[in-house]
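**Student:** I have a structure I would like to understand better, so I am pasting it below and will then ask my questions one at a time.
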Amino acid sequence: MIGTANGLAVSITGLGSHVPDRVVTNDELSTMMETSDEWIVERTGIRERRIAAPEEALSDLALPAARQALEDAGISGSDLDLIIVATVTPDMAFPATAAILADELGAHDAGAYDLSAGCTGFMYAVAQAYGMLAGGLAQRALVVGGDVLSKILDWSDRGTAVLFGDGAGAVVLERVGQGGFLGFELGADGSGGLQLYLPAGGSRAPATAESVAERRHFVQMNGREVFKFATRVLVASAEAVLAECGRTIEDVDVYVPHQANVRIIEYATQKLGIPDDRVVIDVDRYGNTSSGSIPLALADAKADGRLAAGRLVLMTGMGAGLTWGSGLIEWTDGGRT
Ligand code: ACO
1443 MIGTANGLAV
1453 SITGLGSHVP
1463 DRVVTNDELS
1473 TMMETSDEWI
1483 VERTGIRERR
1493 IAAPEEALSD
1503 LALPAARQAL
1513 EDAGISGSDL
1523 DLIIVATVTP
1533 DMAFPATAAI
1543 LADELGAHDA
1553 GAYDLSAGCT
1563 GFMYAVAQAY
1573 GMLAGGLAQR
1583 ALVVGGDVLS
1593 KILDWSDRGT
1603 AVLFGDGAGA
1613 VVLERVGQGG
1623 FLGFELGADG
1633 SGGLQLYLPA
1643 GGSRAPATAE
1653 SVAERRHFVQ
1663 MNGREVFKFA
1673 TRVLVASAEA
1683 VLAECGRTIE
1693 DVDVYVPHQA
1703 NVRIIEYATQ
1713 KLGIPDDRVV
1723 IDVDRYGNTS
1733 SGSIPLALAD
1743 AKADGRLAAG
1753 RLVLMTGMGA
1763 GLTWGSGLIE
1773 WTDGGRT
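The numbering used here applies: residue 1443 is where the sequence shown begins, and numbers increase by one.
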């Protein structure tokens, strides 16, 4: 799917993020499994990640991020008419975490649902919310991207356990006078689905004593194949959305790629020809937070003053599905109509 924003102007008017308190360094991981700080930094660029407490679920990370985003936008939960939570680690299979969040925020008039598109979930959810606002169906949307992947990682598998972390980010979307989203490109290639998946616990393989004993409720990944896929789609999706919107890479002021691995980001950055100082990187501190990755990186970029009004921001995600998605936005710094 690809298209330019031809409807009403819609932008991000509020931004928030939240990560668990507990920092787990590479050195700590090397006391738990056969790995080292040197290996992890060289192959991934990750130095530490945040890991949720045993009692912490996704909504516990999403709620503070959402409250921050609402405060940043200057609105309250009861003003929302749409909440989408992009995640593969909801509090439970159902009810949706978005409905739990709506209740906690006092958003009694909001439609609320979860969306599953792996690490690309945030981009999919933002595109959906954009469509509903631009088409006049909704007025104020909250989009949360967040995951607590630590709960579905096999902590005896060094090939996956070192890569991921927990965190959530949230954005408020509203109509604005001008600027805002320019276009989106979203895609999926289900033929690669088994390169990155969670085998059991769904209707294909419901939970049994055997499935638990066989550790089939944990993430399984073919790292090399995902690496190849990720480098290819990060570049192709970014180029596609730029071309569709009549922009070039030189126009991009801030590039926010999915934070999976510094090597993947460096490859994409070089291929696209974006100068390093325009690229947002925080994977060294958070690891791969899946759906949380892009909004956490946006929050970082905002904190260091990079998201000034008028700047062109390119976001590209990719992940399980296999899926990918890009969005291009002219930052508005509020400015709702
Ligand atoms: N510590 C030490 N050694 C390790 C570790 C570890 N944590 N993990 C693997 N190794 C070993 C392997 O066993 C292998 O040893 P061998 O040569 O004796 O067999 C060796 O290191 C090399 O393993 P490779 O898998 O070939 O290492 P590679 O350079 O491909 O790096 C990595 C692995 C980091 C997983 C890389 O493939 C990668 O980043 N892939 C993409 C993963 C990703 O980003 N996934 C998520 C994207 S989508 C989403 O966000 C949901």
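For every residue, glycine included, the Cβ atom is placed at its ideal position computed from N, Cα and C.
1) Buried or exposed, going by whether 16 or more other CB atoms sit within 10 Å of the CB of residue 1574?
2) Considering only heavy atoms of ligand 1, does any lie closer than 7 Å to the CB of residue 1605?
3) Please name the residue in 1763, 1774 and 1775 whose C-alpha comes closest to that of residue 1558.
4) When you compare the CB positions of residue 1770 and residue 1634, do they come within less than 8 Å of one another, or not?
5) Tell me the start and end of each unbroken beta strand (DSSP E) in the stretch 1692-1757 that is at least 3 residues and wholly inside, in chain order.
6) Hey, out of 1725, 1724, 1476 and 1672, whose CA is closest to residue 1713's CA?
7) Could you pull the DSSP bridge partners for residue 1841 from this structure?
8) Going by DSSP, name the residue or residues bridged to residue 1659.
9) Counting Cβ pairs, one atom from each stretch, are 3 or more of them under 8 Å apart for the stretch 1569-1584 and the stretch 1519-1526?
10) Using the rule of at least 16 other Cβ atoms within 10 Å of the residue's Cβ for burial, across every protein chain shown, is residue 1513 buried or exposed?
11) Within the chosen definition, does the stretch 1452-1460 reach the stretch 1607-1627 through at least 3 CB pairs nearer than 8 Å?
12) Using only CA atoms, which one of 1678, 1660 and 1719 lies nearest to residue 1747?
13) Please classify residue 1448 as buried or exposed, where buried requires at least 16 neighbouring CB atoms within 10 angstroms.
14) Give me the Cα-Cα distance between residue 1554 and residue 1766, rounded to the nearest whole angstrom.
15) Using only the alpha-carbon positions, how far apart do residue 1755 and residue 1664 sit?
16) Between the beta-carbon of residue 1696 and the beta-carbon of residue 1743, is there less than 8 Å?
17) Would you say residue 1550 touches ligand 1, meaning its beta carbon is less than 7 Å from a heavy atom?
**Tutor:** Concretely, from the data shown:
1) buried
2) yes
3) 1763
4) no
5) 1696-1699
6) 1672
7) No statement about residue 1841 is possible, as the shown extent of the chain runs from 1443 to 1779 and does not include it.
8) DSSP, once it has assigned bridges, lists no residue as partnering residue 1659.
9) yes
10) exposed
11) yes
12) 1719
13) exposed
14) 23 Å
15) 31 Å
16) yes
17) no
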